[in-house]
Each structure stands twice: as C-alpha cells, then as structure tokens.
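> Residue numbers (this note's numbering): 743 to 1179.
First the structure, then my questions, so here it is.
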Ligand code: AMP
Ligand code: GLY
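Below you can see the structure in the form of structure tokens.
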C-alpha cells in the first residue's frame, strides 16, 4: 500500500511516522512525504518526494497508484489541492478549497459562526481604515485585530493599548511601500481565559474527536513574548472535563459540521477549533483551522493506539461513525526547539548536534520521538543535519502524568544542541498547576 503525506513540518513527520506504524499485514506501507524534511529522509521506511506543485503531486499520486493522500498544512488546502485530487479521481483527506475558508478567511469564519449560533467573540469587519480606527476608539483596548487572509500566524495582533490597535489597523489596511498586507480586517473583543485546541477528524457528516491537547503559542516562558506557531504542547488537556468536552462537541463541532453541510460545503478533514475557555466555564471559538495543529499533532499521534490508516479510510469513505479511537492513557508532551530569531527571520544552516546520541531503546519501550520540522541536510559535506526553518525539532515524550512527561522530554532535549536554539523550559506548566489543584 502506498500513501502520500503533503508537507514538511513536525506535524507531517508525525503523520507519516504513525501511518508507517499502521500496517495491517506483514508488509509495511510505503509512505511518501512531499517535500518532507531531514527527519523523514532519515527514517529509512519513509520516502521524501521533492514536489510541491499541485499538478505534479496529482501526477505523482496517479503514477504511483497512491491509495490515499493526507494534507498537513493549510496552504495547499487553500490552493485547492483536494479539489484537484478529486477531479483526478484520487482519494485525499482534507477539506476542499471552499470548505477551507473556515480557516483561510476570518471574515467567512466569523459570519459563519454568527449564522449558526456558534459562540465566538463579538466582532466587526472593515476595509476602510477610517471606520476601523473609529471602531477601535469606540471599543477601547485591549482589543484584537486580525487580517482576513492566511498570514502564517502573523495576521493577529492582540493589542493591549489603543496605540497598538491603531498601529495594527494601519499595518494591515493602509498601503505601505511594500504594498497592502490585507484587504479586510476583523476587529474583535479581547477574551481572557484558558486556550485549548480541540481537533476532530470529519468525514463531511460524522466526526471522530481526537485526544484533547493544549499548546503554548508564545515564544517566551510564562506565555510571554510574540505569538508563534506553537512552542510546545501536551495531551490530554486537563482543562477539558468530560462535561466541557460534551459542550464543545455540541455547541461548536456538531454545529459547525451541520452548518457546513447546510451551506452545501460539507467539511472533510481535520477540523481544529481554537477555543477560549472563559473563567465562568463559557466557551468561545477564537478560530477554526482546517488541519491538525502543530505541535498538537505530535503529541496526539504519539498517544494514538488505533490504526491511523483505518481511521483515514473511514474518514475518506464517510463512515467515521463506525470507528472509535483508542489512546495511550499516558501524557504526551512535546517541546519545540526553534531556530535563532524565530518567529522573525529564522537562521538556516546551523548544524544540529546530538541526534545520533539519543538513548537507543527497543521500539516497544521507546517513550519518546524526535519529530523533525525545519531540518535539512547540509553542513560542510552535506552530511550533517542543519536548521532549515523556524521550528526545527519537536522532542515528544510519553510518561505517566504531565510532570513526568515534561521531565522526560527535557531529558531528551538535553542531548541536542544547535547555535541560536530557542526552547521554552516551562512547557506544560499550566497542566502541572492544574494537576496540583
Ligand atoms: P487566531 O489565529 O485567530 O487563533 O489568533 C492567534 C492567537 O491570538 C490565538 O491563539 C490567541 O492566543 C490570540 N487571540 C486571538 N483572538 C483573541 C481574542 N479575541 N482574545 C484574546 N486573544 C486572542
Ligand atoms: N499550534 C497551533 C496551530 O497549529 O495553529
């Protein structure tokens, strides 16, 4: 069986790693990763394919008779990769371009939530800077300014002061010498609470909730500093009680699935609701993503005991109501090692030391996995692994409880070094505090 994973980050390494371990017979599946990274190249049973163009990927999947394709990141979804594969009669797991608007257009997502009664922050959207400035003055700070299109995590400014809010409006709407950043913005009410990631697999009608997770978005310890794609994550998220889980499924997930179906754009793929849990137990959707989170995928997939190929086949075939997922009861915790200057302009080419020195353990006892993200072959003779992106590695460990998982992940991380490495030392602290209560 041949499978194809699209993307080259830690999430895609985790997806490919798990698919490879989901064989149902004696033969391993062949898992291609396009374009992959040094980690997927290193894994001798994975095969990197140096393609990123959609027509080339369609051609490759057809030529290789790939059984199905899984899409990791949002960009190819926004570019219509699922539509192109469907048009060629190829199986693929992900939302169509239209369904992906839940992530790719903040304005679509906000209006959709309003139409279907899904709880979200109060908002207004603007294309006129003057009106946006007036609205900011009227509402006051703190307030949140969001660019409408995909902005790779840089399109959201949580403005604590009026000054910051006005500057964000200008940066996003007013023409600069470099051109306009966004044609429309959404300005919304600032929410305070606990942020969680709620991710499900969806087949157009049914959903299969994945294990709960939580990530740390800010660069610096104590959740300070600039927003990033995520500096670490853990699963399960103790903030989600069974009651809260049921409420999220009802008010957010099922409501969104029914809404998409009603509007004629049923959602197939990973659906990720970024949620704020308010101090009074209320929930608000901050955003929808049409993919797994990264690094949430790494911790979730490390805990998945079920066969991922089987789950994917049910998702693609519209029968997710017929399966359940089984999870390792231990906690998984992932720590991101990021490159110098991430999330600015990450430095490339720093040699990563220590990967071969990791503890060697039989697969059945191995309680960690180092997922690669921005890595490539390089160095003096091209035989070293070097940094090649913002987030470089995600050190992911499994142990009894979040405290032990945290200790184990940092123990492994101690073996690895590269110049300029940025790594938070406190991943999981919220869950540890919660488990103390
Ligand atoms: P988004 O891409 O919309 O999820 O925004 C990125 C990050 O900005 C979120 O993960 C939150 O940490 C923060 N954020 C977004 N919207 C709000 C809000 N209304 N109130 C407070 N923080 C927010
Ligand atoms: N870790 C957050 C995200 O993938 O959007």
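By construction, the Cβ of each residue, glycine as well, lies at the ideal position given by its N, Cα and C atoms.
1. 8 Å is my cut-off, CB to CB: does residue 815 come that close to chain C?
2. Considering only heavy atoms of the ligand GLY and the C-beta of each residue, which residues fall inside 5 Å, strictly closer?
3. For residue 760, which of helix, strand or coil comes out of DSSP?
4. May I ask you to list the residues that DSSP assigns as paired with residue 1163?
5. Whole angstroms are fine: how far does the CA of residue 1173 sit from the CA of residue 981?
6. Cα-Cα, which of 1118, 1073, 1103 and 1133 is closest to residue 1145?
7. Which of the three DSSP states is assigned to residue 1049 in this structure?
8. How many angstroms separate the CA atom of residue 937 from the CA atom of residue 956?
9. What span of residues does the beta strand (DSSP E) with residue 772 cover, start to end?
10. Which runs of the beta strand (DSSP E) spanning at least 3 residues fall entirely within the region 1126-1174, listed in chain order?
11. Using the Cβ count rule (16 or more neighbours within 10 Å means buried), how would you classify residue 1125?
12. Taking 7 Å as the cut-off, is the beta-carbon of residue 1016 closer than that to any non-hydrogen atom of the ligand AMP?
13. For residue 939 and residue 1035, which I take to be in contact (beta-carbon distance under 8 Å), what is that distance rounded to the nearest angstrom?
14. In terms of residues, what are the limits of the alpha helix (DSSP H) holding residue 825?
15. In its own chain, which residues sit with a C-beta less than 8 Å from the C-beta of residue 994, not counting the 5 before and 5 after it?
16. Run the CB neighbour count on residue 977, radius 10 Å, all protein chains shown included, and call it buried at 16 or more, exposed below.
17. Taking the straight line between their C-alpha atoms, what separation do you get for residue 833 and residue 810?
18. Spatial neighbours of residue 951 within its chain, please: CB distance less than 6 Å, with the 5 preceding and 5 following residues excluded, ordered by chain position.
19. Using DSSP with H/G/I as helix, E/B as strand and the rest coil, what is residue 966?
20. Report back the beta-carbon spacing between residue 1060 and residue 947 to the nearest angstrom; my notes put them in contact at under 8 Å.
21. Which of the three DSSP states, helix, strand or coil, is assigned to residue 1099?
Here's the rundown:
1. Among the chains in the structure shown there is no chain C, since it carries only a single protein chain.
2. Counting only residues whose CB is nearer than 5 Å to a non-hydrogen atom of the ligand GLY, the list in chain order is 957, 972, 1035 and 1036.
3. If DSSP states are grouped into helix, strand and coil, residue 760 belongs with the helices.
4. Checking the DSSP bridge columns, you'll see residue 1163 has no partner listed.
5. If you take the alpha carbons of residue 981 and residue 1173, they lie about 8 Å apart.
6. Ranking 1118, 1073, 1103 and 1133 by Cα distance to residue 1145 puts 1073 first.
7. Residue state, collapsed to three classes: coil.
8. If you take the alpha carbons of residue 937 and residue 956, they lie about 7 Å apart.
9. First-last of the beta strand (DSSP E) with residue 772: 772-777.
10. For secondary structure counted as the beta strand (DSSP E) over 3 or more consecutive residues, the region 1126-1174 holds these complete runs in sequence order: 1126-1129 and 1133-1141.
11. Answer is exposed; the Cβ neighbour count stays below 16.
12. Closer than 7 Å to some heavy atom of the ligand AMP: that describes the Cβ of residue 1016.
13. The C-beta separation of residue 939 from residue 1035 comes to about 5 Å, placing the pair in contact by the 8 Å criterion.
14. Following the DSSP letters along the chain, one finds residue 825 inside the alpha helix (DSSP H) bounded by residues 823-829.
15. Excluding five sequence positions before and after residue 994, the CB atoms of its chain that fall closer than 8 Å to its own CB belong to 860, 861, 940, 1015, 1017, 1025 and 1027, given in chain order.
16. Residue 977 counts as buried, since at least 16 other C-beta atoms from the protein chains shown sit within 10 angstroms of its C-beta.
17. Going from the Cα of residue 833 to the Cα of residue 810 covers about 5 Å.
18. Once the five neighbours on either side are set aside, the close Cβ partners of residue 951 are 942.
19. Here residue 966 sits in strand by DSSP.
20. At roughly 7 Å, the Cβ-Cβ gap stays under 8 Å, so residue 1060 and residue 947 are in contact.
21. In the structure shown, residue 1099 falls within a helical segment according to DSSP collapsed to helix, strand and coil.
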